[in-house]
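*Asks:* Numbered by the working numbering, the letters in the sequence shown go through residues 45 to 147 in order. Beta carbons are placed, not taken as given, at the ideal position from N, Cα and C, and that holds for glycine. Just so it is clear, the structure is predicted and the values come from calculations on it, not from any experiment.
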Amino acid sequence: MRVIVGRIGRPHGIRGEVVIGVRTDEPDLRFAAGAVLDVGRSPEGPADGGQLKVVSARWHSGQLLVAFGGVTDRTAAGDLTGSWLSVDSGQLPEVTDPDECRS
Numbered sequence: 045m046r047v048i049v050g051r052i053g054r055p056h057g058i059r060g061e062v063v064i065g066v067r068t069d070e071p072d073l074r075f076a077a078g079a080v081l082d083v084g085r086s087p088e089g090p091a092d093g094g095q096l097k098v099v100s101a102r103w104h105s106g107q108l109l110v111a112f113g114g115v116t117d118r119t120a121a122g123d124l125t126g127s128w129l130s131v132d133s134g135q136l137p138e139v140t141d142p143d144e145c146r147s
């Protein structure tokens with residue numbers, strides 16, 4: 045099962061960074077350098093846009109800025125705007141809180 049962790053927003057700067065609309069409780073873990081995320085155009089649909097590898101992530105004025113491998117300029121970053129980022133639920137750590145459930 046796919047779990048949405050974020051949505052790619054507008055480009056930031058000229059070097060390919062994008063603003064991420066965070067949809068996870070652990071953004072520093074999900075968007076750590078080296079993390080591989082699946083890309084899709086719809087939150088309900090399949091991850092039909094391939095995968096992106098996080099090169100770097102940083103917080104700036106309360107927003108998460110992420111650079112992905114192969115995305116080196118503002119134009120390439122702009123092409124990703126609106127894409128949903130997800131991971132396979134099998135990649136997530138086990139739930140230890142009895143009040144939490146993963147369906």
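Excluding five sequence neighbours on each side, which residues of the same chain lie with their C-beta closer than 6 angstroms to the C-beta of D82?
*Replies:* Your numbering for residue 82 matches position 38 in the sequence shown. Within the same chain, D82 has close Cβ partners A91, Q95 and S130.
*Asks:* Hey, G84 and R46: beta-carbon distance below 9 angstroms or not?
*Replies:* Looking up residue 84 in the sequence shown gives position 40. Looking up residue 46 in the sequence shown gives position 2. A contact, by the Cβ cut-off of 9 angstroms.
*Asks:* Using 8 angstroms for Cβ pairs, my map puts P87 next to I52. What's the rounded Cβ distance?
*Replies:* By one-based count along the sequence shown, residue 87 stands at place 43. By one-based count along the sequence shown, residue 52 stands at place 8. In fact, because the Cβ distance is near 12 angstroms, the residues do not count as touching under 8 angstroms.
*Asks:* Figure out for me which residue from V63, V99, G50 and T116 has the closest Cα to the Cα of D69.
*Replies:* Within the sequence shown, residue 69 is the residue found at index 25, counting from 1. Among V63, V99, G50 and T116, the Cα nearest to that of D69 belongs to G50.
*Asks:* Tell me where the beta strand (DSSP E) around R51 begins and ends.
*Replies:* Within the sequence shown, residue 51 is the residue found at index 7, counting from 1. Counting along the chain, the beta strand (DSSP E) containing R51 begins and ends at R46 to H56.
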